[in-house]
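To keep things clear, I will list the structure first and then write my remarks on it.
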Amino acid sequence: MLVASGVILPRILARVAREQYSGTADYGTCTTVVGADGMTTTGGGLTSTIDWQAFPRCVETDELFVFMPRRMRIYFVLPKRGAADPADVDRVRAVLAAANVHRLRGMPGMTARR
């Protein structure tokens, strides 16, 4: 069970994230603001806010934060390339810790593929 949760699960989740991430270009440019209460995304003429209770855990890869809901039917992908500087990625980690979002680390070298 430990092997499954520590090795297999992050790989499966990263594969699903890559599949979802590859289709995001259809929505154009989106902006996501991460805050204490959740994430607000604006793009494609729409704005939505999701509180942290909807995504109690995430997988972090070299290029992405992948937020997962309890039932794991949808995912929210936040690319790290959108950060203005590397300190912003650390700020996201701090917000996640304060919001009690369980953060799993993806396998070293795991990246998003298009």
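Heads up, the sequence shown is in our numbering, so the first residue is 50 and it goes up one at a time.
Cβ coordinates follow ideal geometry from the N, Cα and C atoms, glycine included.
If you're wondering where the values come from, they're calculated on a predicted model, not measured in any experiment.
- For Ala136 and Arg120, the gap between their C-alpha atoms comes out near 31 angstroms.
- For Arg106, the uninterrupted beta strand (DSSP E) segment begins and ends at Arg106 to Glu109.
- Only residues of its own chain outside the window of five on either side were considered, and among them Cys79, Thr81 and Ser97 have a CB closer than 6 angstroms to the CB of Thr90, listed in chain order.
- For Val126, the uninterrupted beta strand (DSSP E) run begins and ends at Phe125 to Pro128, by DSSP.
- For the 8 angstroms CB-CB criterion, Leu153 and Val83 do not form a contact.
- Secondary structure of Val150 (DSSP, three-state): coil.
- The continuous stretches of beta strand (DSSP E) do not include Thr78, and DSSP gives it neither H nor E.
- Around the beta carbon of Ala147, fewer than 16 other beta carbons lie within 10 angstroms, which makes this residue exposed.
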